[in-house]
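K.L.:
Got a structure here, written out as structure tokens. Questions coming.
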Amino acid sequence: MDEEFKDYIDIFSQDGVLLKQAPSSFIPFINAIGTIYIWSTETNDGTRPIKRFLEWKPNDVTIDSDVQDQEWAVVNTVQKRSRTLSGNLPADHYNKLRSLKINFEDIKRVAKKNRDLTFFDGSSEPMCTLLFQHGDCFYFIDLLKTYLSVGPSRRDKNIFIVYDADSPEYQELNKTFAALDIKPNDSSFWTMFKNIKEHPYESSLMAFSKVSTYVYRSVEPGNNDILLNDDLQRSLSEIDDNITHSGGDYELVQKPPQLPKRKEFPRCKPLREEQWKAQFTCDGKLEDVESIKTLIFRGGVSPKIREEVWKFLLDYYPWDSTLAEREALVIAKVQEYYDMKLQWKSFTKAQENNFSDFAQRKSLIEKDVNRTDRNLDFYAGDNNQNLQKLNDILMTYVMYNFDLGYVQGMSDLLSPILMLIGNEPDAFWCFVGFMNKLISNFDIDQAGMKDQLGNLFTLLNFVDPFLAKYLETHDCANMFFCFRWVLVWFKRELKQEDVMRFWEVLWTGYPCQNFHLLVAVAILEHERSELMGNDYGFTEILKHINELSCHLDMDLMLNKAEGIFFQIKEADHLTDQIRFIVGLPLIGNHCTDSHELIHFDSPDCLVSSESHPKCSVDRVSISPDEISFDKSIQSNFL
Amino acid sequence: MRSTTKNPLLKVVILGDGGVGKSCLMNRFVSNQFDEHSFHTIGVEFLNKDLDIDGQTYTLQIWDTAGQERFKTLRTPFYRGSDICMLTYAIDDKTSFKNLELWRKEFTYYADLKENNQIPFLVVGNKSDVPREEREVSQLEMETWCNENGITSCIETSAKNASNVQEAFKMAVQHWLRLESRADKNETATNDTVDLSKKYGDNRMSCCVGGSEESSN
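From first to last, the protein sequence lines stand for chains R and Z. Each residue of the first sequence is one higher than the one before, counting from 8 in this note's numbering. Each residue of the second sequence is one higher than the one before, counting from 28 in this note's numbering.
Spelled out as structure tokens, the structure:
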């Protein structure tokens, strides 16, 4: 394969090309600026046809740090190129660098919109979209035209359809064009179509007569005629579909794709003690972890066994451990906790004074502990021992993870855990488990939060495009008003008992990753008439969302969010971008049947857990969270 | 806001380190309540409150933000369009006083003020209720810092015992009014016009000139 590519030379390159849309494996490169190349075999020696491909390469080699473990990926045709592009960078660099390649023979359609070019391979999903930042892309298109048999689509002159040059269709098409004397631009044919769109009734009679002439003039009902006929019919019916009539003004209206009907997912009873106990083997190992998680997802955990179950859910106890292993683990972990606690406890006053980073954290923890859940009996009153524990666990966490330290919001995450578990070392390790799940929320640069709020908007836009559009036109597309929801997983919005139920449901990782964002979508959708009906602007939306605190029906929201998940999963127009966020298997351009890869299908199927995992979460290796986590790790070392 | 009245709306941003009492000042002013153990703010919150000054009612839209450095990217977008900025510290916390400089810079940078617009800062030293021996910042220090930074309004408050809280917000609005009237006058001023507002301090005053006759007493 490499051999085959070494004969290529670049016959065109243009820089300042931004990658706007691409297969999911290129998501880290979205909005990166790069160079577009056209590569071609040097000569046609007659033994094989000339081969050409397009390549887009990001400019900045440092961007690959996020994806250095990923392999090269090629759209449609996976091939490695041994030829280096320029200079003498170490070979390592090329292994890290990603480039997006498209073989010329795979390009079936190219759509141009302003400075954007979108490439299609025949399926409805684009291969990629490139934005030509420095001026227009006419030269590039002209070049494409010389190498590919491109003709503008009859429906839209900005869409270029690639025909196989040898095919009878193309030759027939050329003939037809010649016979009708239709030029791609500004011909009477295009003007006619333009008129139909702009003045449907005035133009349509005249247009139809021409169309019928055009259609019926074809001598033979060959493929191209069917194609043309289809295109025309589609074009006309689209015009019909899209026009709303209102007093002589015609407005083009785009119908968003419909989601499948939403199903109800009523919440179930919490996991009972008998169900839980029955799952343990004689050596204290859990037998069917998946069905336990399923039950927890469906109804939470009975308060009676909650303490033990949380230790599993928060990765303190490994799911596959025996009782003896857990007992040994606890002894070691308790010791480790007290060792770390001793470290900060034994600081002298002088040490503290010379260690401002530490002193600052200590001071902020003290302040925040004094204002965490003080309305609850557990933390009420002065000199409450539980406040001391809250303080000590957070201080020990500072020693455990000094790079992160203490960030506001962490005391909210610890409070319910400590309230349930009480025992300081155990609560600490459960808190560590929770922090590991949410650590990107506390990035220094807040990248994890920005990613999540961005993902929230993307999901909302897919589920409720009207509301998303409304927010966008009211300067709310940044979703800042959901910051508190996402940062501490609705801790400030729910009563403590509901928080516990909500978190244990989310900790199962079912039915998909980032399920908390779907809960946020469900709430926003629930409030949509309030937000849009009152014509709320940015400040009113913020105020309204803030005031939802303690007025949310958690069960209803979980029910709706699960319904939304299945709507998304079963949507025909589901994109890889959405799949990526919720952790569904990505389809790319090869796989067309997503359904066979998804196992998490219905509540019934959930309960009857057997051989394969019911959740596809584990199948996608990189979540947005993990990417930003990597980022935060790296920035810590810089 | 859904403005049922046509009162002038003033956007007030309260800034300062975590735990100096920003939310408590807001809650005391707006609803005359105080909860020592109220939650620390996550994200951004705001409340509205009407305030009468010289027969004119102003609606104050008071913005309260999370004080930790880490949440800077979240709070700074809210600085735009502010009319008043309250720089807040706690008198029993020297560090929070030292950090006023950082808050002033952060606000100035992100508030996107129009040229020649003097920033209506008010410095607030909260927790004046703490016992004398716990005080870490004297009133003189506050006034000196204000002089050095060309800030003409400062006040010590206690959200806990409601001391000076109403006064602080009133002072902020009065300060804003003075700047507004001066801005108006500057626009129409001719060379022979005497600017009476100058006695309140000059926005082009050089750093070595004191001008703190406004400071609280």
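Even for Gly, the Cβ is constructed at its ideal location relative to N, Cα and C.
1) Closer than 9 angstroms by beta-carbon distance: list the chain Z residues that pair up with R:Phe509, in chain order.
2) What residues are listed by DSSP as bridge partners for R:Ser47?
3) Closest by CA to R:Met507, which one among R:Ser20, R:Lys550 and R:Gly307?
4) Name the chain R residues whose beta carbon is nearer than 8 angstroms to that of Z:Thr100?
5) Of all Cβ atoms in chain R, is any one closer than 8 angstroms to the Cβ of Z:Ile41?
6) Can you give me the C-alpha to C-alpha distance between R:Asp151 and R:Asp579, rounded to a whole angstrom?
7) Which residues of chain Z have a Cβ atom closer than 8 angstroms to the Cβ of R:Gly416, listed in chain order?
8) By alpha-carbon positions, which one of R:Asn382, R:Tyr345, R:Lys444 and R:Gln358 ends up nearest to R:Ser422?
9) Measuring alpha carbon to alpha carbon, tell me which of Z:Ala186, Z:Thr84 and Z:Ile146 ends up nearest Z:Ser180.
10) Would you say R:Asp322 lies against chain Z (beta-carbon separation less than 8 angstroms)?
11) By the three-class DSSP mapping on this structure, what secondary structure does R:Gly291 have?
12) Between the C-alpha atoms of Z:Leu127 and Z:Cys112, what's the straight-line distance to the nearest angstrom?
13) Answer with buried or exposed for R:Leu559, where buried requires no fewer than 16 other C-beta atoms within 10 angstroms of its C-beta.
14) Have a look at Z:Glu168, Z:Tyr136, Z:Leu36 and Z:Ala195 and flag the residue whose alpha-carbon is nearest the alpha-carbon of Z:Gln83.
15) I need the boundaries of the beta strand (DSSP E) containing R:Met134, first residue and last residue.
16) Around the Cβ of R:Phe362, are there at least 16 other Cβ atoms within 10 angstroms (buried) or fewer (exposed)?
17) Note down, in chain order, every chain Z residue with its Cβ under 9 angstroms from the Cβ of R:Asn553.
18) CA-CA distance, R:Leu524 and R:Asn462?
19) Residues in the stretch 367-394 of chain R with C-beta within 9 angstroms of chain Z's C-beta atoms, listed in sequence order?
20) Can you tell me whether Z:Asp44 is buried or exposed, with buried defined as 16 or more other CB within 10 angstroms of its CB?
21) Taking R:His551 as the reference, which of R:Pro264, R:Asp399 and R:Cys489 has the closest Cα?
22) Answer with yes or no whether the minimum CB distance from Z:Ala93 to chain R is below 8 angstroms.
23) To the nearest angstrom, how far is it from the Cα of R:Ala39 to the Cα of R:Leu26?
24) Using a 10 Å radius around the Cβ and a threshold of 16 neighbouring Cβ atoms, would you call R:Gln725 buried or exposed?
25) Taking C-alpha atoms, which residue in R:Asp583, R:Met347, R:Gly388 and R:Arg378 lies nearest to R:Asn408?
26) How is the alpha helix (DSSP H) around R:Ala39 delimited, first residue to last?
27) Have a look at the DSSP bridge pairing and note the partners of Z:Thr86.
28) State the DSSP-derived secondary structure class of R:Ala98, mapped to helix, strand or coil.
29) Which value, in whole angstroms, describes the spacing of the CA atoms of R:Ile114 and R:Gln265?
30) Express the C-alpha separation of R:Leu466 and R:Pro472 in angstroms, rounding to a whole number.
31) Got a sec, what are the start and stop residues for the alpha helix (DSSP H) R:Arg368 sits in?
32) Got a sec: which bits of the stretch 51-66 of chain Z sit with their beta carbon under 9 angstroms from any beta carbon on chain R, in order along the chain?
33) Would you please verify whether the beta carbon of Z:Gly48 is less than 8 angstroms from any beta carbon of chain R?
34) Compute the Euclidean distance between the alpha carbons of R:Arg542 and Z:Asp77, then round it to the nearest angstrom.
35) For Z:Gly152 and chain R, any beta-carbon pair shorter than 8 angstroms?
36) Can you list, in chain order, the residues of the stretch 545-570 of chain R whose Cβ is nearer than 9 angstroms to any Cβ on chain Z?
P.N.:
Looking at the atomic coordinates:
1) Contacts between R:Phe509 and chain Z, judged by CB atoms closer than 9 angstroms, are missing: the closest CB pair is about 17 angstroms apart.
2) R:Ile16 and R:Arg59
3) R:Gly307
4) Within 8 angstroms Cβ-Cβ: Asp452, Gln453 and Lys457.
5) no
6) At residue 151 of chain R the sequence reads Leu, which differs from the Asp that was named. Cα to Cα, the separation comes out at about 32 angstroms.
7) What R:Gly416 touches in chain Z: Ile69.
8) R:Asn382
9) Z:Ile146
10) no
11) coil
12) 12 angstroms
13) buried
14) Z:Leu36
15) Pro133 to Phe139
16) Taking all protein chains in view, the Cβ of R:Phe362 is surrounded by fewer than 16 other Cβ atoms within 10 Å, so the residue is classified as exposed.
17) Neighbours of R:Asn553 on chain Z, chain order: Gly70, Val71, Glu72 and Phe73.
18) Between the C-alpha atoms of R:Leu524 and R:Asn462 there is a straight-line separation of about 8 angstroms.
19) Gln367, Ser370, Leu371, Glu373, Lys374, Asp375, Asn377, Arg378, Thr379, Asp380, Arg381, Asn382, Tyr386 and Ala387
20) Z:Asp44 counts as buried, since no fewer than 16 other beta carbons sit within 10 angstroms of its beta carbon.
21) R:Cys489
22) At least one chain R Cβ lies under 8 angstroms of Z:Ala93.
23) 6 angstroms
24) Because chain R is modelled from 8 through 645, residue 725 of chain R falls outside the range shown and cannot be assessed.
25) R:Met347
26) No alpha helix (DSSP H) holds R:Ala39; DSSP gives it neither H nor E.
27) Z:Leu36 and Z:Asp77
28) Confidence in R:Ala98 is poor, its pLDDT being 41 and thus under 50, which makes the residue's placement unreliable; the coordinate value appears in the next sentence. R:Ala98 falls in the helix class under three-state DSSP.
29) Near 28 angstroms, if we compare the C-alpha coordinates of R:Gln265 and R:Ile114.
30) 9 angstroms
31) Ser363 to Val376
32) Result list: Asp62, Glu63, His64, Ser65 and Phe66.
33) For Z:Gly48, the answer is no, since every Cβ of chain R falls outside 8 angstroms of its Cβ.
34) Before going further, note that residue 542 of chain R is Asp rather than Arg in the sequence given. Going from the Cα of R:Asp542 to the Cα of Z:Asp77 covers about 23 angstroms.
35) no
36) Within the stretch 545-570 of chain R, the qualifying residues are Thr546, Glu547, Leu549, Lys550 and Asn553.
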